[in-house]
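Down below is the structure, laid out as structure tokens.
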């Protein structure tokens, strides 16, 4: 299965360690998705939606590398630490390095989508954009969210801030 | 960018025309995701989540085919009809044929995930599973949903039911 790159994110974030781990934890920051002009027409109608999903590619370009560890310690569990299967985490080192970011659509101008909610580093390739549809994308009730229900999820949390918060890095 | 198939859906739906267009419109029906045993370990922890995202591959296997039309009439607008850019629709004929389905996790047993909410035909390849996390995946307010705000979205709607409802198919 071969994917095309449909656009590239232009954000103020240069490396993943200092980039918030989820768009929802960094709602105010803005960035731009530059869609390949070849596909600009496909944005028609997107500005009517307040939110959209960006499906991103978080790995190297080209053929798949080696499979990552199937159980990993999520950034948010670095304090414990506790391993979780990667299909039960939102971490970037996955069997297929796809990211799913819920962003606020601020403005669509030609092939440029300005959005708020940044968890992607500058240059991240995007492979799909889908409108957020409440009827489709929201469970009809409050739901259990597994290991995340027991974890503090601080606004703006980045891999390095979560690492620094861990017991190992405390002085003494 | 090359994707691995991580599993295959086993559902009671044989063709897309008679399959509901969104999992949310078919919440009661169940199906099974058979994960490649190679990756079964990655499911560890998923059963603690009530809902999960399935990222599916809705196209042919192999190299990308020709780019589909960038503006299309969504199934739900067949009555009008009205064309919308594919990045503002959830339709399957996209630049990259990726699907995003929100399903209820019913049971995880070894490499099998039983789920409720079926919009995928039998044999659909899955390329990623992500847990649904309310904090990450829910806008913090009611949001505009573009052209979908003005459209009736009947439970169980399939491409053929929506076609049959169109003016062109009425007798006379």
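Residue numbers (my numbering), protein chains in the order written: chain A, 146 to 317; chain B, 146 to 317. All C-beta atoms in this analysis are idealised placements derived from N, C-alpha and C, irrespective of residue type, glycine included.
Closer than 8 angstroms to chain B by CB, residue 209 of chain A: With 8 angstroms as the cut-off, residue 209 of chain A counts as an interface residue toward chain B.
Cut-off 7 angstroms between Cβ atoms - residues of its own chain near residue 266 of chain B, not counting five sequence neighbours on either side: Answer for residue 266 of chain B: 156, 158, 159, 160, 161, 164, listed in chain order.
Sufficient close CB pairs (3 or more, under 8 angstroms) joining the region 237-246 of chain B to the region 276-284 of chain B: Here the region 237-246 of chain B makes no contact with the region 276-284 of chain B; the two share fewer than three CB pairs at distances below 8 angstroms.
Reduced DSSP category for residue 304 of chain B - H, G, I as helix; E, B as strand; rest coil: In this structure, residue 304 of chain B counts as helix in the three-state DSSP scheme.
Contact set between residue 267 of chain A and chain B, taken where Cβ atoms lie within less than 9 angstroms: Within chain B, no residue comes near residue 267 of chain A; the closest Cβ sits about 18 angstroms away, beyond 9 angstroms.
Top-ranked residue by Cα proximity to residue 186 of chain B, from B/211, B/229, B/274: For residue 186 of chain B, the closest alpha carbon among the candidates B/211, B/229, B/274 is that of B/274.
Proximal residues of chain B, C-beta to C-beta of residue 160 of chain A below 9 angstroms: Going along chain B, no residue has its Cβ under 9 angstroms from residue 160 of chain A, so there is no contact; the nearest lies around 21 angstroms.
Contact list for the region 176-206 of chain B against chain A, Cβ threshold 7 angstroms: Those would be 184, 186, 187, 188, 189, 190, 191, 193, 194, 195, 196, 198, 200, 202, 206, in chain order.
Below-8 angstroms beta-carbon distance, residue 171 of chain B vs any chain A residue: Put simply, the CB of residue 171 of chain B is far from chain A, with every gap to its CB atoms at 8 angstroms or more.
Neighbour flag for residue 278 of chain B against chain A, beta carbons, 8 angstroms: With a threshold of 8 angstroms between beta carbons, residue 278 of chain B makes contact with chain A.
Neighbourhood of residue 217 of chain A by C-beta distance below 8 angstroms, restricted to the same chain and skipping five residues each side: Excluding sequence neighbours, residue 217 of chain A sits near 228, 229, 231, 234, 236, 238.
Residues bridged to residue 232 of chain B [DSSP beta-bridge criterion]: According to DSSP, residue 232 of chain B bridges with nothing at all.
C-alpha distance - residue 257 of chain A paired with residue 254 of chain B, whole-angstrom precision: Each residue's Cα considered, the two are about 44 angstroms apart.
Any C-beta of chain B under 8 angstroms from that of residue 256 of chain A: Chain B, which has no Cβ nearer than 8 angstroms to the Cβ of residue 256 of chain A, makes this no.
Residue environment, residue 304 of chain B, which counts as buried when at least 16 other CB atoms sit within 10 Å: Buried is the call here.
Proximal chain B residues relative to residue 291 of chain A, where beta-carbon distance stays under 9 angstroms: Neighbours of residue 291 of chain A on chain B, chain order: 190, 191, 192, 193, 194, 195, 276, 278.
Contact residues within the region 236-253 of chain A, judged by C-beta distance below 7 angstroms to chain B: Those residues of the region 236-253 of chain A that come within reach of chain B (Cβ to Cβ, closer than 7 angstroms) are 239, 240, 241, 243, 245, 247.
Three-state secondary structure assigned by DSSP to residue 182 of chain A: DSSP places residue 182 of chain A in helix when its eight states are reduced to three.
Contact with chain B by residue 301 of chain A, beta-carbon distance below 8 angstroms: Not an interface residue.
Chain A within 8 angstroms of residue 224 of chain B, Cβ atoms only: Taking Cβ atoms only, chain A never reaches closer than 8 angstroms to residue 224 of chain B, which makes this a no.
Buried/exposed call for residue 206 of chain B, threshold 16 Cβ in 10 Å: Residue 206 of chain B counts as exposed, since fewer than 16 other C-beta atoms from the protein chains shown sit within 10 angstroms of its C-beta.
Residue 264 of chain A burial status per 10 Å Cβ neighbour count (16 or more: buried): Flag for residue 264 of chain A reads buried.
Distance CB(residue 91 of chain B)-CB(residue 196 of chain A) smaller than 8 angstroms: Residue 91 of chain B lies beyond the stretch modelled for chain B, which goes from 146 to 317, so this question has no answer here.
DSSP three-state assignment for residue 193 of chain B, whether helix, strand or coil: In this structure, residue 193 of chain B counts as helix in the three-state DSSP scheme.
Residue 307 of chain B beta carbon less than 8 angstroms from that of residue 148 of chain A: Residue 307 of chain B is positioned such that its CB atom lies no closer than 8 angstroms to that of residue 148 of chain A.
Short CB-CB distance (under 8 angstroms) between residue 288 of chain A and chain B: Output row for residue 288 of chain A: interface = yes.
Inter-residue CB distance, residue 200 of chain B and residue 180 of chain B (contact presumed, cutoff 8 angstroms): Between residue 180 of chain B and residue 200 of chain B the Cβ distance is about 13 angstroms, and since that is not below 8 angstroms, they are no contact.
Three-state secondary structure assigned by DSSP to residue 279 of chain A: Residue 279 of chain A falls in the helix class under three-state DSSP.
Contact list for residue 298 of chain A against chain B, beta-carbon separation under 7 angstroms: Chain B residues near residue 298 of chain A: 280.
Inter-residue CB distance, residue 250 of chain A and residue 194 of chain A (contact presumed, cutoff 8 angstroms): Going by Cβ atoms, the distance from residue 250 of chain A to residue 194 of chain A rounds to 6 angstroms, so yes, they are a contact pair.
Where residue 287 of chain A sits in the DSSP three-state scheme: Three-state result, residue 287 of chain A: coil.
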